[in-house]
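Each remark here refers to the structure printed beneath this line.
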Amino acid sequence: MATNRSFGQRPSRPYDGLILAVKKTSAKQLVLTILTHQEGILHVLARRSTQGKMGYGALAPLAEISFDVFEKDGVHTLTEYDCRANRRLRDLTWDGYVYSQIFVEMVLLLTASGEKDEELYRLVRLYGRAIEIKDVRIVTLIAGWQLLALTGFLPETDEARIFYRGRGYCDQPVYYIDYQDRGDMAELPLTPAVRQTWQTLIRYPWGTDEKINLRRGDLNFLEALLYNYVNQCSEGQMKTPDLLKTGLPPQP
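The sequence shown begins at 7 in this note's numbering and counts up by one.
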């Protein structure tokens with residue numbers, strides 16, 4: 007798009023998106039991380055006074071938003087918007103809210119900025135709507151494994167071997183997925199039933215009433231394996247899961 011005459015400022019551009027994160031950078035300014043339908047992840051500046059004056063709806067995580075921005079020197083600033091807040095987030099327990107933020111953290115760790123992805127956009131939108139009517143913990147587990155599939159990191163579940171190397175960050179169990187022996191870790195054999203449950207999560211069809219029966223032990227294991235594999239693939243460290251135990255904001 008051609009630059010206009012206002013010192014490098016580009017004309018206002020419309021977007022549709024899903025708010026992933028809202029961060030306060032000062033008393034008057036917010037930074038919105040938005041997964042847009044048009045360009046993938048976009049970071050947008052918004053004045054806190056913008057809410058209620060230049061648009062409709064609260065700027066909150068997992069809200070669906072249609073908005074305009076103007077761009078100057080690579081910085082996107084929010085102008086007008088129409089936002090549909092996620093109704094369930096206001097009613098979730100603390101743990102439920104944390105699970106929703108766990109999914110957001112996985113998206114941010116595994117997704118590059120500025121890359122449009124129709125399937126990723128669809129998954130995040132489905133996730134936001136599903137937690138309004140279904141168990142947020144189970145929905146997060148399903149969406150997390152499907153996110154790995156969409157981003158090209160999904161392991162061969164029939165052949166993958168799981169290794170355990172004790173406790174790590176915040177005393178969480180540390181698992182590693184590989185296909186060969188690892189001398190520094192003990193292998194953890196998986197039963198056929200656990201592998202089948204794992205595959206069921208990955209193939210789960212959204213928009214149906216199909217139920218997944220998960221034993222608590224399998225749920226805990228596949229959840230921990232998911233977080234560890236996201237760390238393995240992203241070469242990062244998920245911090246949000248620790249909020250389930252501490253109730254405190256993750257340390258930078």
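By construction, the Cβ of each residue, glycine as well, lies at the ideal position given by its N, Cα and C atoms.
Source: prediction; values computed, not measured.
8 Å CB neighbourhood of residue i in its chain, flanking five on each side removed
{"i": "residue 200", "result": "224, 227, 228"}
{"i": "residue 81", "result": "51"}
{"i": "residue 156", "result": "123, 125, 126, 129"}
{"i": "residue 202", "result": "none"}
{"i": "residue 235", "result": "154, 159, 161, 181, 183"}
Span separating the alpha-carbon of residue i from that of residue j
{"i": "residue 1", "j": "residue 94", "result": "Nothing in the structure corresponds to residue 1, since the chain is present only between 7 and 258."}
{"i": "residue 147", "j": "residue 45", "result": "26 Å"}
{"i": "residue 220", "j": "residue 185", "result": "26 Å"}
{"i": "residue 176", "j": "residue 109", "result": "19 Å"}
{"i": "residue 218", "j": "residue 63", "result": "34 Å"}
{"i": "residue 91", "j": "residue 189", "result": "49 Å"}
{"i": "residue 43", "j": "residue 120", "result": "11 Å"}
{"i": "residue 10", "j": "residue 18", "result": "For residue 10, the predicted structure reports a pLDDT of 41, less than 50, and the residue's modelled location is therefore unreliable. A value from the coordinates is still provided. Distance between the alpha carbons of residue 10 and residue 18: 10 Å."}
{"i": "residue 87", "j": "residue 22", "result": "10 Å"}
{"i": "residue 77", "j": "residue 47", "result": "15 Å"}
{"i": "residue 210", "j": "residue 132", "result": "12 Å"}
{"i": "residue 233", "j": "residue 104", "result": "14 Å"}
{"i": "residue 248", "j": "residue 179", "result": "12 Å"}
CA nearest to the CA of residue i, picked from the options
{"i": "residue 215", "options": "195, 139, 72, 106", "result": "139"}
{"i": "residue 134", "options": "188, 67, 164", "result": "67"}
{"i": "residue 25", "options": "64, 102, 181, 40", "result": "40"}
{"i": "residue 152", "options": "61, 141, 128", "result": "128"}
{"i": "residue 187", "options": "120, 31, 167", "result": "167"}
{"i": "residue 206", "options": "107, 47, 164, 245", "result": "164"}
{"i": "residue 222", "options": "143, 74, 96", "result": "143"}
{"i": "residue 195", "options": "213, 170, 209", "result": "170"}
{"i": "residue 158", "options": "117, 204, 193", "result": "117"}
{"i": "residue 161", "options": "71, 173, 239", "result": "239"}
{"i": "residue 69", "options": "106, 85, 204", "result": "106"}
{"i": "residue 230", "options": "213, 172, 136, 191", "result": "172"}
{"i": "residue 208", "options": "149, 114, 65, 198", "result": "149"}
{"i": "residue 84", "options": "112, 61, 198, 212", "result": "61"}
Extent of the continuous alpha helix (DSSP H) to which residue i belongs
{"i": "residue 135", "result": "124-136"}
{"i": "residue 44", "result": "Note, residue 44: premise wrong, no alpha helix (DSSP H); not H, not E."}
{"i": "residue 111", "result": "100-116"}
Continuous beta strand (DSSP E) stretch holding residue i: start and end
{"i": "residue 68", "result": "Premise fails: residue 68 is in no beta strand (DSSP E) and is neither H nor E."}
{"i": "residue 90", "result": "81-90"}
Residues of its chain near residue i, where Cβ-Cβ distance is below 7 Å and the 5 sequence neighbours each way are ignored
{"i": "residue 243", "result": "175, 237"}
{"i": "residue 8", "result": "Low local confidence applies: a pLDDT of 36 at residue 8 is under 50, so the model's placement there is unreliable, with the coordinate-based value given in what follows. If we look at residue 8 and ignore the five residues flanking it on each side, it has no Cβ neighbours."}
{"i": "residue 31", "result": "37"}
6 Å Cβ shell around residue i - same chain, five flanking residues per side excluded
{"i": "residue 29", "result": "37"}
Note down, one range per segment and in chain order, each beta strand (DSSP E) of at least 3 residues found wholly within the region 146-200. Within the region 146-200, complete beta strand (DSSP E) segments of at least 3 residues are found at 167-173, 179-184, given in chain order.
What are the complete alpha helix (DSSP H) segments, minimum 4 residues, inside the region 207-253? Counting only runs of 4 or more, we get 222-240, 249-252.
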